[in-house]
Every structure is written in C-alpha cells, then in structure tokens.
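These notes concern the structure reproduced below.
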Amino acid sequence: MEIMHCENLSKVYQASENKVIALDGVSLALEQGSFTAITGPSGSGKSTLLHLLSGLDHPTGGRVIYQEADLYKYKENQLAVLRRRRFGFVFQSYNLVRELTGWENILLPVMLDNRQADEAHLHHIIDLLGIQERLSHLPGAMSGGQQQRVSIARALANKPAILFADEPTGNLDGKVGREVLTLLRQVNRELGITLVLVTHDLNVAEQADRVIQLEDGRVAHDSEVVKS
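Printed below as a string of structure tokens:
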C-alpha cells in the first residue's frame, strides 16, 4: 500500500546570476513498510529529495502527497505538527541537545507536542537499540554510535509512519556504522516503519529493498523499476 508519492518534484536555487538545479522533475512512490535507499554522487540531489519529501524544505515545482494530501498545501504551523507527529528524522550529526541526558533527548519530541509519553513503546525502542545504560548520560559522555542510537530512539518516540535518515552512518567507523544500519533495518522490519535513507555508500544502499540512484537531480536508476 502506498504511503507517499511525489510528482515532478523540482528544486532550483538562485546563486548570483546563475540558477542551480538541485532536483529536476523527480516522480516516485513509497510503499508502507518499505526500505528505500537514495544514493548518488555529491551534488546529485539526494539530500534535497529527502528534505522535500519530509517537508523540511519547499519545492520550486511539483508536489508531495502523503495520505492523499499535498504537504505543501499545509500552513507552516500545520506542516510542523505533521513532521513532528508522523515523520522521524535521523541525521549524520546526531543533533542531540548537549545539555540534556539521553532519556531527556528521547522524550523531547513528545514534550514539544504536549503529549503523554507511551513508556512501554519507549522502553521497547530503548531495549531494541541497546541504550539502557546510556539514558542518564549527556551526549558528551557517549560515543558516536551511542549518540546515533539515542537520536534514532528520539526519532521513533512519537511513533512516526516514516523515518527519514540522512547519511546516518556518515560520521561512524565501519563496524559501528554497520551496527547502526542493522538497527535501522530491524526498526523497519519489527515496527513496520517506512524507512527512507540517503547515503553515498553503495554498501549501505545495498541493504535496502529498493535503491534509487540520482545523477544531476534526476533518477538515473531505480531498482524497483528493474524488478518490475
């Protein structure tokens, strides 16, 4: 069952007198519970595509449809609520609040939404990610892998329908990066969360059910099209 699709999505930046086309007419659909990797060389538009699909940036043209509604027809405050409640985000740089403990960082999205935490859900995630011993620690007292696990737990706190991950293993060494990727795959399978992951690493991309390769802002290859 389809959860999201985009139609003719484009993004153009004005740099002095020059136009930079970051994304050029991309159309694709995402299935509920799928794991899609978006890859390509630097400057190919992969992070731009993720930002547009997730409502973090506005397109120059085209539209993104989530549950039969156009994301960019929402008012900005409505879009912010949708992102907080239905989408989770994991970034290369972790983006943890340095002054908060692991547990407080995980709770942050729930607190910002003025909702009651589902502690059974949170503890299931914490067990799944193996971070029980780091909940009372500040980010500065955690390794990179531990910080990324906490950031994944935070992204899952509000039970999102889609998890967007932008180079989540980019700051980690090979072994730790593989562990984090395995955990993301486990979250995708066990919780049924749709996973969209941007990576320049083909070894990471190959773990996905579907690989979309971008070049110059366009889809150069889509493994789903080949399979069908």
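Everything in the sequence shown is counted per my numbering, starting at 1 for the first residue and increasing by one. Backbone N, C-alpha and C fix where the C-beta goes; we use that ideal spot for every residue, glycine too. Since the model is a prediction, treat every value here as computed from it, not as a measurement.
Beta-carbon separation (whole angstroms), I3 vs I162, contact threshold 8 Å: Along the sequence shown, read from residue 1 onward, the residue named residue 3 stands at position 3. Along the sequence shown, read from residue 1 onward, the residue named residue 162 stands at position 162. 7 Å between Cβ atoms; contact.
Nearest candidate by alpha-carbon position, reference V254, set I21, Q92, T39: The question about residue 254 has no answer, for the chain in this structure spans 1 to 228.
Beta-carbon proximity list for E7, same chain, < 7 Å, skipping 5 on both sides: Residue mapping note: residue 7 aligns to position 7 of the sequence shown, counting from 1. So the qualifying residues of the chain are S27, G62, R63.
L197 versus Q14 - alpha carbon distance: Numbered from its first residue, the sequence shown carries residue 197 at position 197. Numbered from its first residue, the sequence shown carries residue 14 at position 14. Answer to the nearest angstrom: the Cα atoms are 27 Å apart.
Buried versus exposed, by CB contacts within 10 Å (16 or more), V81: Along the sequence shown, one-based indexing puts residue 81 at 81. When all chains shown are included, V81 counts as exposed.
Cβ-Cβ separation, T199 to Q32 (assumed contact under 8 Å), whole Å: What you label residue 32 is simply residue 32 of the sequence shown in a count that begins at 1. What you label residue 199 is simply residue 199 of the sequence shown in a count that begins at 1. With 8 Å as the limit, Q32 and T199 do not qualify as a contact, their Cβ atoms being about 22 Å apart.
Cα-Cα separation between S223 and F35, rounded to whole angstroms: By one-based count along the sequence shown, residue 223 stands at place 223. By one-based count along the sequence shown, residue 35 stands at place 35. Computed Cα separation, rounded: 12 Å.
Among N188, G25, D166, S143, the one whose alpha carbon lies nearest that of E215: Numbered from its first residue, the sequence shown carries residue 215 at position 215. Minimum Cα distance to E215 is reached at G25.
Y13 (DSSP reduced to helix, strand or coil): Taking the first residue of the sequence shown as position 1, residue 13 is located at position 13. DSSP places Y13 in strand when its eight states are reduced to three.
Limits of the unbroken alpha helix (DSSP H) element including K19: Within the sequence shown, the letter at position 19 stands for residue 19. Taken as a continuous stretch (DSSP letters only), K19 belongs to no alpha helix (DSSP H), being part of the beta strand (DSSP E) at 18-31.
DSSP-derived helix/strand/coil call for Q213: The residue you call residue 213 lines up with position 213 of the sequence shown. In this structure, Q213 counts as strand in the three-state DSSP scheme.
Sub-8 Å separation of L183 and L129 beta-carbons: Working through the sequence shown from its first residue, we reach residue 183 at position 183. Working through the sequence shown from its first residue, we reach residue 129 at position 129. In contact: L183 and L129 (Cβ atoms closer than 8 Å).
Delimiting residues of the beta strand (DSSP E) encompassing H221: Mapped onto the sequence shown, residue 221 falls at position 221. H221 -> beta strand (DSSP E) spans 218-222.
Cα-Cα separation, L172 to G144: Counting from 1 along the sequence shown, the entry for residue 172 is found at position 172. Counting from 1 along the sequence shown, the entry for residue 144 is found at position 144. Roughly 7 Å between the two C-alpha positions.
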